[in-house]
Structure formats: C-alpha cells, structure tokens
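Engineer:
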Amino acid sequence: MSPLPIPWLEAALLLALAGAASISWLRNLNRAWRWGVAFTGAVFVCTLAASLGFYLQSPTEADADGSLQQYLFGRPYLSLDKLNAPLVPAVALLHFLTAVATSRTKMRSYSLTWSLTAEAIHLAKFACKEPGILVVLLATGALLPLVELINRRRPTRLYTLHWILFVGLLLAGWRLLVSADGDALRTSAATIALLAAVLIRCGVVPAHCWLTDWFEHSSFGIALLYVIPLSGVYAAIRLVLPIAPDWVLHSIGLFSLITAVYAAGMALVQHEVRRFFAYLFLSHASLVLVGLELHTTVSLTGALALWFSIILSLGGFGLVLRALEGRFGRLALRGHQGLYDHSPTLAVCFLLTGLASVGFPGTLGFVAADMLVDGAVTVNLFAGMAVVATAALNGIAIVRAYLLLFTGARHTSTVSLAIGLRERIVVLTLAVLILGGGLFPQPGISSRHQAAEEILKERQSYFDARTKGRKHPLSASYAVT
Amino acid sequence: MAEAVEGMMGLGVAAIAAPVLLVVFLGIFSLLDQRLSERTINKAIQAAIVTGLLSSLGVLALMLALGARHVVVYVSEWVNTAGFHVAVKFVFDRLSVPFAILSFVLTGAIATFGMRYLHREQGYNRFFVLYAVFLLGMVMASLAGTIETLFLGWELVGLSSALLVAFYQERPGPSRNGLWIWGVYRVSDAALLLAAVVLHHMTGEGDFDRLLGAGPWPAGGASVSATQAFIVGLLLLAAAAGKSGLVPFSGWLPRAMEGPTPSSAVFYGALSVHLGAFLLLRVSPLLERSPGLCVVMVALGLLTAVLAYLAGSVQTDIKSALSFASLSQVGIIVAEIGLGFRYVALVHLLGHACLRTLQFVRAPTLLHDYHTLENAIGESLPRPVLPLHRLITEPTRLWLYRLALERGYLDSWLRSYVVGPFVGLFRRCDALERGWTDFLSGARSRESDDLKPTPARIEELI
Numbered sequence: 030m031s032p033l034p035i036p037w038l039e040a041a042l043l044l045a046l047a048g049a050a051s052i053s054w055l056r057n058l059n060r061a062w063r064w065g066v067a068f069t070g071a072v073f074v075c076t077l078a079a080s081l082g083f084y085l086q087s088p089t090e091a092d093a094d095g096s097l098q099q100y101l102f103g104r105p106y107l108s109l110d111k112l113n114a115p116l117v118p119a120v121a122l123l124h125f126l127t128a129v130a131t132s133r134t135k136m137r138s139y140s141l142t143w144s145l146t147a148e149a150i151h152l153a154k155f156a157c158k159e160p161g162i163l164v165v166l167l168a169t170g171a172l173l174p175l176v177e178l179i180n181r182r183r184p185t186r187l188y189t190l191h192w193i194l195f196v197g198l199l200l201a202g203w204r205l206l207v208s209a210d211g212d213a214l215r216t217s218a219a220t221i222a223l224l225a226a227v228l229i230r231c232g233v234v235p236a237h238c239w240l241t242d243w244f245e246h247s248s249f250g251i252a253l254l255y256v257i258p259l260s261g262v263y264a265a266i267r268l269v270l271p272i273a274p275d276w277v278l279h280s281i282g283l284f285s286l287i288t289a290v291y292a293a294g295m296a297l298v299q300h301e302v303r304r305f306f307a308y309l310f311l312s313h314a315s316l317v318l319v320g321l322e323l324h325t326t327v328s329l330t331g332a333l334a335l336w337f338s339i340i341l342s343l344g345g346f347g348l349v350l351r352a353l354e355g356r357f358g359r360l361a362l363r364g365h366q367g368l369y370d371h372s373p374t375l376a377v378c379f380l381l382t383g384l385a386s387v388g389f390p391g392t393l394g395f396v397a398a399d400m401l402v403d404g405a406v407t408v409n410l411f412a413g414m415a416v417v418a419t420a421a422l423n424g425i426a427i428v429r430a431y432l433l434l435f436t437g438a439r440h441t442s443t444v445s446l447a448i449g450l451r452e453r454i455v456v457l458t459l460a461v462l463i464l465g466g467g468l469f470p471q472p473g474i475s476s477r478h479q480a481a482e483e484i485l486k487e488r489q490s491y492f493d494a495r496t497k498g499r500k501h502p503l504s505a506s507y508a509v510t
Numbered sequence: 159m160a161e162a163v164e165g166m167m168g169l170g171v172a173a174i175a176a177p178v179l180l181v182v183f184l185g186i187f188s189l190l191d192q193r194l195s196e197r198t199i200n201k202a203i204q205a206a207i208v209t210g211l212l213s214s215l216g217v218l219a220l221m222l223a224l225g226a227r228h229v230v231v232y233v234s235e236w237v238n239t240a241g242f243h244v245a246v247k248f249v250f251d252r253l254s255v256p257f258a259i260l261s262f263v264l265t266g267a268i269a270t271f272g273m274r275y276l277h278r279e280q281g282y283n284r285f286f287v288l289y290a291v292f293l294l295g296m297v298m299a300s301l302a303g304t305i306e307t308l309f310l311g312w313e314l315v316g317l318s319s320a321l322l323v324a325f326y327q328e329r330p331g332p333s334r335n336g337l338w339i340w341g342v343y344r345v346s347d348a349a350l351l352l353a354a355v356v357l358h359h360m361t362g363e364g365d366f367d368r369l370l371g372a373g374p375w376p377a378g379g380a381s382v383s384a385t386q387a388f389i390v391g392l393l394l395l396a397a398a399a400g401k402s403g404l405v406p407f408s409g410w411l412p413r414a415m416e417g418p419t420p421s422s423a424v425f426y427g428a429l430s431v432h433l434g435a436f437l438l439l440r441v442s443p444l445l446e447r448s449p450g451l452c453v454v455m456v457a458l459g460l461l462t463a464v465l466a467y468l469a470g471s472v473q474t475d476i477k478s479a480l481s482f483a484s485l486s487q488v489g490i491i492v493a494e495i496g497l498g499f500r501y502v503a504l505v506h507l508l509g510h511a512c513l514r515t516l517q518f519v520r521a522p523t524l525l526h527d528y529h530t531l532e533n534a535i536g537e538s539l540p541r542p543v544l545p546l547h548r549l550i551t552e553p554t555r556l557w558l559y560r561l562a563l564e565r566g567y568l569d570s571w572l573r574s575y576v577v578g579p580f581v582g583l584f585r586r587c588d589a590l591e592r593g594w595t596d597f598l599s600g601a602r603s604r605e606s607d608d609l610k611p612t613p614a615r616i617e618e619l620i
C-alpha cells in the first residue's frame with residue numbers, strides 16, 4: 030500500500046518556506062512558537078511520507094499529481110534516492126524536535142523563521158542530485174549563519190572570511206569542471222578546488238575555526254541545526270566522490286583522520302560546553318569523511334550509517350545540552366556543577382545520546398562504528414587504530430563532561446528545574462530511535478549498504494567511461510547545468 | 159533426547175533474557191523519571207537473578223546428564239550485509255557455565271547485602287539500575303559466543319563500574335576517580351575492539367567456534383600463524399590488563415574503592431577484576447599459538463602479583479588492602495594461563511572470587527571482628543614477620559617501602575608521561591587557536607572565557 034500520489038517532497042519544501050514567511054510577521058513569541066511547531070511538524074510528516082513512498086515504490090515526485098517541478102522544468106531536480114531517502118526525514122525530524130524542545134527562556138534567541146528557512150534549504154540540498162543546483166544551494170545555505178550573526182550583533186569577520194573562501198572555491202571548482210570537457214589538468218584543478226571547499230565546509234583542520242566561532246556566537250539551537258545534518262559530507266558524496274581520483278580521496282582521508290583525532294583531543298580539554306560540543310561534532314563529522322575516503326563497501330556503509338546516527342544521537346546530545354543551558358545559562362566545564370538531582374532524566378539522556386554517538390554497544394552508532402573500523406583496518410591498520418583511538422577519546426570526553434556537569438554539590442533552587450513535558454517527549458522519541466536502531470540494526474544497515482553500492486557503482490562507471498574515452502552521464506549533467 | 163536439548167536451549171535463553179528484562183524494566187522507569195519503591199526494585203532484582211541462576215544450573219544439569227560439553231544458543235544474525243556480518247550467539251561450555259553461575263551467585267548475594275546497606279540511600283534506584291547493567295554485562299561476556307557479543311558485555315561492565323565508582327556524587331573525589339577508571343577502561347575497550355576487528359579479518363569470522371577451533375573449551379586450535387597470534391594476543395593482553403588492573407594499569411584499583419562497598423565487593427573483589435583473566439582463558443587456544451606471548455603473559459602476571467603484594471602490605475585501609483590482595487591473585491591467575499594451566503586458573507578464579515567477596519562484605523565490620531578475636535585470645539593479634547625481611551638490607555627495604563607506598567609509581571608515571579603531556583599539548587593547541595581566531599575576528603573571539611565556573615542560579619536568570 031503506497032501513500033497518496035502527492036509530491037510530498039515539494040509539499041514539505043513549500044510548507045517550510047510558507048511557514049518561514051508567515052512566522053516572520055508574528056510578534057507574539059508564544060504564537061510564533063506554536064505556529065513554528067505546527068509547520069515543522071507538518072514538514073516532517075511530508076518528508077516521512079515522501080520517504081515511505083520511495084521505499085514502497087509509489088509514484089515518484091515527477092509522476093505525482095500536480096508536481097510543480099514537472100510543470101515548471103519538465104523534469105524533477107529534487108527527488109529521493111537510496112542515499113537521501115532516510116536523511117531527508119531525519120533532518121526534518123531534527124528541526125521539529127528542536128522546535129518542540131525550545132523552552133520559554135530560549136524562545137527569544139531561537140528564530141523560527143531562520144529555522145524554517147534553513148530547513149527548506151537543507152531539504153532541497155539533500156534532495157538534490159544536480160551538481161549545479163547543489164552548488165547554488167550550498168552557497169546560499171552558507172549565508173544563513175551570517176544572517177544569524179548579524180541579527181545577534183556578534184562579530185562576523187571570521188565567518189565571512191571562511192564563507193568567501195568556501196563559496197569561491199566551490200564556484201571555481203564547479204566552473205572549471207563544467208568547462209573541462211575531458212581536459213585532465215582542468216579536471217584535476219576543479220577536483221582540488223571542490224575538495225578544498227568541501228573540507229572547509231566540513232570544518233577539517235586547519236579550516237575548522239569558523240565552526241567553533243559559530244557555536245560561540247550563535248543561539249545553540251540554530252548552531253545545531255546548521256551543522257548537524259552534515260551538508261559538507263553530502264557535497265563530498267555528490268560532487269567529489271564520483272569523480273575524484275584515488276589520491277584526492279586519500280587527501281580527504283588524511284586530513285579527516287588528523288581532524289578526527291585532533292578534535293577528539295581538543296574536546297577533552299575544553300572549559301565550556303558549547304566548545305566541547307563543537308569539537309565533538311568535528312571529530313564525528315571527520316570520521317564520516319574517513320569512511321568515504323576508504324571507498325570500500327563496508328567502510329562506506331559504515332560511514333553512511335554513522336552519518337545517520339550522528340544526526341539523531343549527536344543532535345539529541347545537543348538538545349540535552351541546550352535544555353541544560355535553558356535552565357542554567359551557558360555552562361562551564363571547570364568544576365563540578367551538581368546538576369543531577371535537578372533533572373535525572375536529562376542526565377540519563379546525556380549519557381545515552383552521548384555514548385550512542387561514540388558507538389556504544391546496543392545503540393544506533395555501534396554497528397556503524399564497527400563497520401568503519403573494519404573498513405579502515407582493511408585498508409590500513411594504522412588508520413583503523415586512529416579511528417579506534419578517536420572513539421576512545423570521544424568516549425572519555427563525554428563521560429568527563431557528564432561527571433563535571435551532573436556530579437558535585439547540589440544547590441537548592443526555589444524553582445523546579447525538572448524536565449518539562451515537551452522536553453520529555455523529545456528525549457524519549459530520540460531514546461526510542463537510538464535504542465531501537467541499535468538493537469535492530471539490520472534494516473538501517475541494509476538501506477545504507479544499498480546506498481553505498483549505488484555510490485560506488487556510479488563512481489566506477491564514471492572511471493570506466495573515462496578509460497574508454499566515452500562521456501559519462503555525470504559529466505553531461507555538469508555540462509547541462 | 160531432542161526434548162532435553164530443546165529444554166537446554168530454552169533454559170539458555172532464559173539465563174540471558176532474565177538480566178535483559180531487568181535492565182529494560184529498571185531502565186524504562188529511570189528514563190521516565192518514575193521512582194520505583196525499594197520493595198519493587200528488590201523484587202525485580204531477586205526475580206531476575208533467581209531466574210538466571212536456576213536456568214544456568216538447569217543448563218549445567220542437562221549438559222552433565224546428556225554428556226554435552228558445548229551447547230550453542232543461536233539468537234539471530236544481528237547484521238548481515240555483503241562483507242560484514244555479526245551474529246548474536248551464546249555458548250555454554252566448561253568455561254562459560256561456571257563463570258555465569260558465579261556471576262549470578264555473587265551478584266545475588268551482594269544484591270541482598272546492598273539492599274540493606276543502601277536502604278533509604280538517595281541513590282538507591284540509580285545504584286540498582288547500574289547494578290542491573292553490570293549483571294547483564296557480566297552474563298553477556300561470560301556466555302558470549304562471538305567476540306562482538308563479548309565486546310557488548312565488556313563495555314556494559316566498564317560503564318557501570320565507572321559510574322558506580324562515582325556513585326557518591328556530591329564529593330568531587332569519587333567522580334575524579336570514576337573518570338580515571340573510565341579512561342583506563344576506554345583504552346582497554348579500544349584494544350579489544352581492535353583485536354576483534356583484526357581477528358575478524360584474519361579468519362573472516364567473529365565466532366569463537368571458528369576462531370578458536372571447533373573443539374569444546376579448553377580444546378581447540380586457532381587457525382592463525384604464530385606472528386598473527388602474537389599481534390592479536392598483545393592487543394587482547396592490553397585489553398585484559400586494563401580491565402583486570404594488571405601492570406601498568408594497576409593504579410585504578412584502589413581508586414575504585416570510592417564506590418559503595420557492595421559494588422566494590424562484586425566488581426573489584428570478585429567479578430569485574432577477573433574479566434580480563436576470563437577473556438584470556440576464553441582465547442587461550444589462540445594465545446598458546448605464540449610461545450613468546452605466553453612468556454609475556456607469565457611475566458606480566460608475576461610482575462603484577464609482586465607489585466600488588468608489596469602495595470597491599472602498606473595499605474592503611476581495609477578496602478585498598480583487599481583490592482591489592484585481589485590483584486596479586488589475579489596476577490597469579492594470568493601467569494597460570496600463560497603457563498597453560500587452564501583448569502587450575504579457572505578453579506583459582508572461582509575460588510578467589512568467592513573468598514574475596516566474603517572478605518569485602520565483612521570489611522565494614524573489620525574492627526569489630528578484630529576486637530572479637532583479640533578478646534577471644536586475650537592479647538593483640540600477632541604480626542607475622544616474613545623470613546624474607548631478614549635477607550633484605552635496610553636501604554633496599556626502604557626503597558621497597560617507598561615503591562609500595564607509591565604503588566609502583568604507576569599512577570604518577572601515567573600522569574606525568576601520558577596524561578600530562580597529552581593534556582598539555584592540547585591546551586597549547588587551544589591557546590594557539592584562541593590567538594588565531596582573535597586575529598581573524600579582529601577582536602576577542604571567545605565569549606566563553608567570561609563564564610563563571612559555577613552555573614548561574616535560576617533566580618539570577620529570572
């Protein structure tokens with residue numbers, strides 16, 4: 030039984046944009062929040078229906094009644110495939126849960142207009158396979174942090190520098206690739222430029238400072254929503270992986286491995302929660318890139334599964350930290366804060382989501398991490414050791430933060446700081462997904478395995494076509510756009 | 159016959175399902191922030207442990223009756239894709255059954271002790287949730303039929319141990335010690351994970367049956383070369399050393415005594431501290447492929463035993479003295495495994511775990527026991543002087559005393575040469591990054607530098 034033949038994906042995008050436009054007129058915070066939750070919820074339902082439709086093999090977006098893309102362009106530029114089918118609803122779910130869990134103390138700093146606009150761009154990006162459109166969406170999406178920093182009257186110079194570098198390299202790489210027409214030198218130059226752009230967007234060392242700065246100056250919820258979906262990784266898979274020669278992938282792998290270990294070490298010595306989270310995120314994002322570089326089926330499956338796990342577990346971890354910030358303001362990791370007794374559930378969820386992100390057994394990330402290590406050991410034992418060391422360091426950093434935040438002398442409060450109903454719904458939803466996916470990993474892994482095979486097949490066919498001097502459809506799609 | 163085999167399988171599943179259901183039951187209420195009464199928790203714990211114990215005993219009885227030495231309970235193919243698969247499988251044999259029964263018996267005894275010891279303690283619920291996780295980890299690790307299942311149990315034991323050390327969370331000391339232990343455990347986990355993956359690669363299997371030969375324990379022969387066995391064996395030895403507190407990781411054991419006495423008894427006197435030795439026993443067919451590795455194992459075991467004996471001799475509190483006494487025995491057990499005495503090591507392990515648990519639970523009343531003994535004999539208890547003392551010169555004795563007092567300088571060595579430089583390096587990197595981001599921003603870039611070390615009170619925020 031398939032869902033109704035409606036272009037769900039387009040409906041989700043339009044709803045997000047309509048929501049952003051309508052909420053921007055509202056001045057009452059509570060009303061804006063209620064509408065924001067309704068819109069993000071509706072967007073999530075639409076993406077879920079689109080994803081279900083894909084897996085149940087119902088009519089595609091283009092074939093559905095009233096497809097706007099079909100009407101305007103004559104072909105669908107945005108659609109789901111094996112790679113993005115579970116990612117799109119996961120990103121929408123993260124936006125929805127973030128909106129639901131926004132406490133009253135955070136409503137002023139959390140802009141729902143920004144969130145819905147970012148959601149629309151994220152969903153479009155993740156549903157897009159056309160390189161030209163993807164490049165435009167990546168460049169546009171990268172403007173959103175600038176808007177947030179300006180709105181909050183925070184310094185923008187550092188981010189602007191990175192944005193210029195990222196967009197410049199992305200456009201240059203794309204332009205070179207379009208005009209390469211089989212020229213090896215131009216293709217190599219284009220690949221290097223795209224590679225550099227992707228590395229900057231992913232926050233690979235030494236181009237990672239924009240990310241820690243972003244977490245310093247923006248609202249925590251907005252910072253989370255911008256980075257957690259890992260748009261840089263998506264760009265790497267769509268733009269670089271299919272056409273990059275092995276040496277480019279090795280460079281990605283080397284830089285990411287160094288970043289993974291470095292960021293894990295840095296997470297261990299941070300004195301503040303947001304910076305700690307930023308480094309933890311960097312380390313995880315780099316591990317996904319490591320899996321891409323190895324380009325074996327097992328490692329790629331592991332990387333894709335880890336990516337999905339990061340969205341849920343690290344996203345959930347961020348939401349727990351945000352809930353704590355909503356109660357106590359920005360938190361230092363200098364002394365023991367003694368927060369356990371105020372909200373034991375938040376403490377449990379902190380550990381659950383944090384440990385899930387490092388692949389603790391029985392959680393969503395375990396099999397993914399195991400596959401990633403397995404793939405890394407196949408290629409190089411030292412790479413495998415570095416991946417394992419990263420996971421170990423991240424695990425220590427999470428428990429260190431737990432002990433610093435939740436243990437220590439408690440202070441009494443005249444106001445109840447226990448977890449609220451909305452936050453409880455959010456953390457329980459995430460707990461169910463993390464543990465359910467961890468205990469029954471086969472469906473998720475099978476889906477990621479199919480996506481990995483498709484990516485590798487595409488890459489293989491590109492190189493086969495090049496060897497035989499034929500033009501590959503991928504080159505054609507660059508030329509078309 | 160077929161019915162008996164089916165019954166054995168059913169009992170095997172029940173032995174594993176009991177702690178799983180216990181964790182699910184207590185875990186759900188913790189997640190929902192619903193406080194269960196002490197009575198409900200006690201009943202749930204007792205029901206799970208009794209069910210698990212009776213099921214394990216039933217499996218043992220049927221194995222003896224049927225003459226079966228190796229029973230496999232296959233749960234499911236957990237993950238299966240091209241090039242990668244993980245199965246959930248449990249094995250009942252001469253090694254796993256005694257260890258599982260020991261786990262149920264000791265956790266049952268200590269749970270009963272803990273119910274009185276922690277009566278009306280604020281963290282009663284938290285203690286037993288972690289205790290249930292520990293039980294599940296121990297049973298999983300004991301009965302694991304694949305290295306991945308063993309890793310699952312191994313990690314659960316590690317997490318629950320570290321969090322129980324930090325149980326008295328209002329003081330910073332226990333949480334600092336909990337973090338140190340977690341750090342050592344993570345190193346140990348990393349070594350085990352790496353060993354598991356490397357083994358998977360060498361043999362294409364994670365199942366112990368295929369990894370270590372089809373024969374029931376202790377028979378079997380691993381199909382890897384001596385060099386491969388040496389490399390994997392070193393990783394496994396590192397994992398065991400971390401978990402069992404062998405040199406150079408011995409320093410965490412006295413730190414673990416910060417936890418409540420029931421958890422100290424069952425973790426560091428009885429079960430958790432032996433888990434490393436159990437791992438070595440489980441993979442002993444693989445270890446014996448490399449004579450060099452066996453030599454390393456014996457040397458490490460003996461070194462640990464001697465150092466633990468020396469350190470234990472100068473401890474001034476009973477729990478630390480008992481923990482070092484445990485460690486010296488664990489060292490000897492590891493040496494026995496290295497020498498190939500597997501049954502001796504297994505019997506030693508089982509006996510030692512029971513004795514040490516008894517000593518730990520008597521520890522809070524030690525002074526009372528001493529007074530009773532002294533009253534009974536009418537004088538102070540005699541202090542034994544070893545004949546070795548007369549053979550050692552005064553400076554050597556002083557040196558040994560300092561060595562023992564500093565617990566072999568292992569902790570300070572790890573702190574000065576591993577943790578200190580590591581943290582120092584990253585703090586320097588952090589300082590460099592601060593300079594770099596300030597330069598790029600053209601102003602002070604870190605708002606977080608102005609944070610107070612303690613959180614703002616909610617009243618201030620309002």
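Chain order of the listed sequences is U and Z. Note that the working numbering has the first sequence beginning at 30, numbered continuously upward. Note that the working numbering has the second sequence beginning at 159, numbered continuously upward. Where is the CB? At the ideal position from N, CA and C, for every residue including glycine. Bear in mind the structure is a predicted one, so any value in this text is a computation, not a measurement.
Residues of the segment 571-598 of chain Z in Cβ contact with chain U at a cutoff of 8 angstroms, in chain order, please.
Structural biologist: Listed in sequence order: 580, 581, 583, 584, 585, 587, 588, 591, 594, 595, 598.
Engineer: Under a three-way DSSP split, which group does residue 409/U fall into?
Structural biologist: On the first sequence, residue 409/U is found 380 positions in, with the first residue counted as 1. Residue state, collapsed to three classes: coil.
Engineer: I believe residue 264/Z touches residue 424/Z by the beta-carbon criterion, under 8 angstroms. Please report the beta-carbon distance rounded to the nearest angstrom.
Structural biologist: The residue given as residue 264/Z occupies position 106 in the second sequence. The residue given as residue 424/Z occupies position 266 in the second sequence. Their Cβ separation, rounded to whole angstroms, is 6 angstroms, which keeps residue 264/Z and residue 424/Z in contact under 8 angstroms.
Engineer: Residue ranges of each alpha helix (DSSP H) run of no fewer than 4 residues wholly in the segment 267-327 of chain Z, ordered along the chain?
Structural biologist: As far as the segment 267-327 of chain Z is concerned, its whole alpha helix (DSSP H) runs of at least 4 residues are 282-301, 305-323.
Engineer: Can you list, in chain order, the residues of its chain with a C-beta nearer than 8 angstroms to that of residue 53/U? Leave out the 5 residues immediately preceding and following it.
Structural biologist: For the purposes of this step, residue 53/U is identified with residue 24 of the first sequence, where counting begins at 1. 142.
Engineer: Could one say the Cβ of residue 115/U lies closer than 8 angstroms to chain Z's Cβ atoms, at least one of them?
Structural biologist: As a working mapping, residue 115/U is identified with position 86 in the first sequence. Chain Z contact via Cβ: absent.
Engineer: Would you kindly report the start and end of the unbroken alpha helix (DSSP H) that includes residue 142/Z?
Structural biologist: No answer is possible for residue 142/Z: the residues shown for chain Z start at 159 and end at 620.
Engineer: Please check if any C-beta of chain U sits within less than 8 angstroms of the C-beta of residue 601/Z.
Structural biologist: Your numbering for residue 601/Z matches position 443 in the second sequence. Cβ-Cβ to chain U under 8 angstroms: yes for residue 601/Z.
Engineer: Looking at the C-beta of residue 256/U, does it have a partner C-beta in chain Z at a distance below 8 angstroms?
Structural biologist: By one-based count along the first sequence, residue 256/U stands at place 227. No, residue 256/U does not count as interfacial toward chain Z.
Engineer: What does residue 238/Z reach in chain U if we use C-beta pairs closer than 8 angstroms?
Structural biologist: Numbered from its first residue, the second sequence carries residue 238/Z at position 80. Those are 471, listed as they occur along chain U.
Engineer: Only counting the same chain, and skipping five residues up and downstream in sequence, which positions put a Cβ closer than 7 angstroms to that of residue 171/Z?
Structural biologist: Along the second sequence, one-based indexing puts residue 171/Z at 13. Counting only Cβ-Cβ distances below 7 angstroms, and skipping sequence neighbours, we find 231.
Engineer: For residue 382/Z, which of helix, strand or coil comes out of DSSP?
Structural biologist: Here residue 382/Z is taken as the residue at index 224 of the second sequence, counted from 1. Note: residue 382/Z maps to coil in three-state DSSP.
Engineer: In the DSSP assignment, what are the bridge partners of residue 245/Z?
Structural biologist: For this step, residue 245/Z is matched to residue 87 along the second sequence. According to DSSP, which records beta bridges pairwise, residue 245/Z is partnered with 235/Z.
Engineer: Say whether chain U places a C-beta atom closer than 8 angstroms to the C-beta of residue 347/Z.
Structural biologist: Within the second sequence, residue 347/Z is the residue found at index 189, counting from 1. True, the Cβ-Cβ gap to chain U drops below 8 angstroms.
Engineer: Terminal residues of the continuous alpha helix (DSSP H) containing residue 246/U?
Structural biologist: Residue mapping note: residue 246/U aligns to position 217 of the first sequence, counting from 1. Its alpha helix (DSSP H) spans residues 238-246.
Engineer: Taking Cβ-Cβ distances below 7 angstroms as the criterion, which residues of the segment 308-328 of chain U are in contact with chain Z?
Structural biologist: Under the 7 angstroms Cβ criterion, the segment 308-328 of chain U contributes 326, 327.
Engineer: Answer with yes or no whether the minimum CB distance from residue 337/U to chain Z is below 8 angstroms.
Structural biologist: The count along the first sequence starts at 1 and reaches residue 337/U at position 308. Answer no: the Cβ-Cβ gap between residue 337/U and chain Z never drops below 8 angstroms.
Engineer: How many Å lie between residue 35/U and residue 83/U at the Cα?
Structural biologist: Residue numbering aside, residue 35/U sits at position 6 when the first sequence is read from its first letter. Residue numbering aside, residue 83/U sits at position 54 when the first sequence is read from its first letter. One C-alpha to the other measures close to 12 angstroms.
Engineer: Write down every uninterrupted run of the alpha helix (DSSP H) in the segment 294-333 of chain U whose length is 4 residues or greater and which is fully enclosed by it, in chain order.
Structural biologist: Qualifying alpha helix (DSSP H) stretches, in chain order: 302-323.
Engineer: Can you tell me which of the three DSSP states residue 107/U falls into?
Structural biologist: Start at 1 with the first residue of the first sequence, and residue 107/U comes out as number 78. Residue 107/U: strand per DSSP, three-state reduction.
Engineer: Consult DSSP for residue 365/U and reduce its assignment to one of helix, strand or coil.
Structural biologist: In the first sequence, counting from the first residue as 1, residue 365/U sits at position 336. Three-state DSSP puts residue 365/U in coil, outside helix and strand.
Engineer: Assess, as a yes-or-no matter, whether the segment 380-395 of chain U is touched by the segment 258-270 of chain U under the definition of 3 or more beta carbon pairs within less than 8 angstroms.
Structural biologist: The segment 258-270 of chain U, when compared against the segment 380-395 of chain U, does not touch it at the 8 angstroms Cβ threshold.
Engineer: Is the shortest distance between the beta-carbon of residue 274/Z and the beta-carbons of chain U less than 8 angstroms?
Structural biologist: For this step, residue 274/Z is matched to residue 116 along the second sequence. Answer no: the Cβ-Cβ gap between residue 274/Z and chain U never drops below 8 angstroms.
Engineer: Could you give the distance in angstroms between the alpha-carbon of residue 380/U and the alpha-carbon of residue 242/Z?
Structural biologist: Indexing the first sequence from 1 puts residue 380/U at position 351. Indexing the second sequence from 1 puts residue 242/Z at position 84. Approximately 28 angstroms between the Cα atoms of the pair.
Engineer: Give a yes or no on contact between the segment 279-295 of chain U and the segment 358-370 of chain U, applying the rule of three or more CB pairs nearer than 8 angstroms.
Structural biologist: The segment 279-295 of chain U vs the segment 358-370 of chain U: no contact.
Engineer: Could you tell me whether any Cβ in chain U is nearer than 8 angstroms to the Cβ of residue 457/Z?
Structural biologist: As a first step, residue 457/Z is located in the second sequence; it is residue number 299 there, counting from the start. No - not a single Cβ of chain U is within 8 angstroms of the one on residue 457/Z.
Engineer: Name the chain Z residues whose beta carbon is nearer than 7 angstroms to that of residue 413/U?
Structural biologist: Here residue 413/U refers to the residue found at position 384 when the first sequence is read from its first residue. What residue 413/U touches in chain Z: 352, 355.
Engineer: With a cut-off of 8 angstroms on the beta carbons, I'd call residue 233/U and residue 315/U a contact; round off their distance for me.
Structural biologist: For the purposes of this step, residue 233/U is taken as the residue at position 204 of the first sequence. For the purposes of this step, residue 315/U is taken as the residue at position 286 of the first sequence. Yes, they are in contact, since the Cβ atoms of residue 233/U and residue 315/U sit about 6 angstroms apart, within 8 angstroms.
Engineer: Just grab the DSSP bridge partners of residue 527/Z for me.
Structural biologist: For the purposes of this step, residue 527/Z is identified with residue 369 of the second sequence, where counting begins at 1. DSSP output for residue 527/Z lists no bridge partner at all.
Engineer: Any C-beta of chain U sitting closer than 8 angstroms to the C-beta of residue 402/Z?
Structural biologist: The residue labelled residue 402/Z in the question sits at position 244 within the second sequence. So, not an interface residue.
Engineer: In whole angstroms, what is the alpha-carbon distance linking residue 135/U and residue 458/U?
Structural biologist: The residue given as residue 135/U occupies position 106 in the first sequence. The residue given as residue 458/U occupies position 429 in the first sequence. One C-alpha to the other measures close to 21 angstroms.
Engineer: Among the residues of its own chain, which have a CB less than 8 angstroms from the CB of residue 333/Z, if the five just before and after it don't count?
Structural biologist: Translated into positions along the second sequence, residue 333/Z becomes position 175. Result list for residue 333/Z: 324, 327, in chain order.
Engineer: How many Å lie between residue 202/U and residue 376/U at the Cα?
Structural biologist: The count along the first sequence starts at 1 and reaches residue 202/U at position 173. The count along the first sequence starts at 1 and reaches residue 376/U at position 347. C-alpha separation (whole angstroms): 46 angstroms.
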